[in-house]
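Chemist: Here it is, the structure, as structure tokens.
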Amino acid sequence: MWQPAKRPGYLWMRLQFNELKVLIMKKVLTLVLTLLLVSATFQCQQADEETKRPNIIFIMTDDHTAQAMSAYGSVINQTPNMDRIARNGMLFKNAFVTNSICAPSRAVILTGKFSHLNSVLDNRQRFDSSQVTVPKLMQAAGYQTAMVGKWHLKSEPTGFDYWNVLPGQGVYYNPAFIEMGERSVREGYVTDLTTDYALNWLGQRDEEKPFYLMLHHKAPHRNWMPGPNHLNMYDDVDIPIPDNFHDDYEGRGSAAKTQEMSISEIMFPVYDLKLLDDEPTNGSDRFILRRLEAMTPEQREAFVAAYKDENEAFHEANLTGKALAEWKYQRYIKDYLRCVASVDDNIGRVLDFLEANELDENTIVIYTSDQGFYLGEHGWFDKRFMYEESYRTPLLVSYPKGVKAGTTSEAMTMNLDFGPTMLDLAGIEVPDEMQGESLKGILTAGGTEPGDWRQSTYYHYFEYPGVHAVKRHYGVRTKRYKLIHFYNDIDEWELFDLEADPKEMKSVYGDPAYTEIQNDLHEELKRLQKQYKDEPETDIDLENN
Ligand code: SGN
Ligand code: CA
């Protein structure tokens, strides 16, 4: 039968067409899948970028006060690198400590608890390292943790993958360091060496994990020995003297009158004043002469030469009275500021490292001190008092991803808040037992405090009897007023109106014009003591604590 001739052309074409359809479908499918995959990966990367946990560098100096930082309006020095942190982030105008002295401040920061609950009331106690601390929590959450520099808590650091600390207070030149339990002496200047160790650790870290670094400088702690790069800084200038340098302590109670912090009376000739050829008067003077012996010949030569001419002129001048006190002030303040200058340079090295390694965007840099300090105000050096200069502490926080650059905050903050803040920023839950509040909300809101933010801060100082003879006291501060109770071997109250009397020269406690304010502050003090579980009238046996 005749069959229509098969048209091979047609069949072939149909076959071709079907294959083509399959092929096109396959191609489209592959394309769609590829697109889906690419977009998923992109989204993942984006989410990863957004949730990538921040690194944290917590830089703390020892005794560096806000009056000596240009970001805080210093009239006596410039701190360009600290100012860089302020410019990149937020400066806190009302940051205070809870107990103005070294070891207690450190224990407060580590635990987020007041001294009466964290076992370190003053510099004499050993830190109970079984407590819950910020580095332990960071470590448990997968952070790499390190602690470099001054530790001062007697027990060994815990919660750190790496630690390298100064024994006790540490020394300025050729200091010993204890690196993971191994002690050895290193040649160099303490601020440079501490920074070197921090940068070395950063350089060899695991780049896949976020890091938490506590970088604690010894400087500018007493006896203020400048580093080799700053020995002659300020040689030809006079530093302005605070207008209450010759304070007679009228208008305040006996605590201000009986302290032993006076620049004119307490400073030791060799140790503090670098009158290196004078007869040593005590153990500290002799200690510094031994430290000179421990210098390399080059270090010693430069150090001795830096003071030689001025010391000769001083001995010839035979100064007495106010002129002598003011000479001592100049010697003190210049050495203090020289130590600060070295810290500032070294902070510059850390910031440069972050930038050069593209770590600056995702790293939170915090700068603070363990407390403030007197730079001649009331005629003093040292700290301890709840008066402004030593009660305040500088606090700068930069974090390009989360904090608007160049902002300030007036919020009342305490070093008690540092731990909770760092944990919160790292996305780690803050344990209930921590008494501080996270500053994250303030940091991300351009410095504005939430409506229910605290309006007062609480303070309690314990180290008495002790060096510098500052009586035990506790108190409350609001943005405008401060109420202090000195207790133990005295029972005296002081009240300051910080708006009318910012330098705290005259207590208005008992002044009828302030009765209402005084009563309110007493109430507020009681409320805070209850909130923070402090019972200050209980006499604590500090020596045996
Ligand atoms: C030493 C200092 C004091 C200082 C304390 C506490 N004297 O005792 O001036 O107040 O440290 O400082 S010194 O002669 O040894 O330098 S703290 O920063 O550790 O609290
Ligand atoms: Ca200190």
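Residue numbers for the sequence shown follow the working numbering, beginning at 2 and rising by one. For glycine and all other residues, C-beta sits at the position ideal for the given N, C-alpha and C.
1) Between the region 54-74 and the region 364-383, do three or more beta carbon pairs fall short of 8 Å?
2) Quick one: does the C-beta of Q170 sit closer than 7 Å to a heavy atom of ligand 2?
3) Pairing CB atoms from the region 429-444 with CB atoms from the region 106-116, are three or more of them under 8 Å?
4) Is the distance from the Cβ of G420 to the Cβ of V135 below 8 Å?
5) Have a look at Y173 and D197 and give me their C-alpha separation to the nearest angstrom.
6) Does A295 come out as helix, strand or coil in the three-state DSSP assignment?
7) In angstroms, rounded to a whole number, what distance separates the CA positions of S410 and K480?
8) Does DSSP put V39 in a helix, in a strand, or in coil?
9) If I measure Cβ to Cβ from D278 and keep anything under 6 Å in the same chain, skipping five residues before and after, which residues do I get?
10) Quick one: using the 10 Å Cβ neighbour count with 16 as the cut-off for buried, is M181 buried or exposed?
11) Less than 7 Å between the CB of H222 and some heavy atom of ligand 2, yes or no?
12) For R350, which three-state DSSP category applies?
13) Secondary structure at G476, three-state DSSP: helix, strand or coil?
14) Is K335 helix, strand or coil when you go by DSSP?
15) Among T408, D425, I242, which has the Cα closest to the Cα of I334?
16) Across which residues does DSSP place E183 in a beta bridge pair?
17) Less than 8 Å between the C-beta atoms of D123 and D371, yes or no?
18) Taking H523 as the reference, which of Y475, A303, V431 has the closest Cα?
19) Less than 7 Å separating the Cβ of H561 from some heavy atom of ligand 1?
20) Return the residue from the list Y488, I518, P513 that minimises the CA-CA distance to L499.
21) Taking only runs that begin and end inside the region 399-431, name each unbroken alpha helix (DSSP H) of 4 or more residues, in chain order.
22) I'd like to know if the region 464-474 and the region 377-390 are in contact, where contact means that at least 3 CB-CB pairs between them fall below 8 Å.
23) Indicate whether at least one CB of chain D lies closer than 8 Å to the CB of P270.
Modeler: On the basis of the supplied data:
1) yes
2) no
3) yes
4) yes
5) 15 Å
6) coil
7) 13 Å
8) Here the model assigns V39 a pLDDT of 49, short of 50, so the residue's position is not dependable, and the following value carries that caveat. Three-state result, V39: helix.
9) none
10) exposed
11) yes
12) helix
13) strand
14) helix
15) I242
16) E180
17) no
18) Y475
19) This structure cannot settle anything about residue 561, because the visible part of the chain is limited to 2 through 546.
20) I518
21) 419-426
22) yes
23) Any reference to chain D falls outside this structure, which holds one protein chain only.
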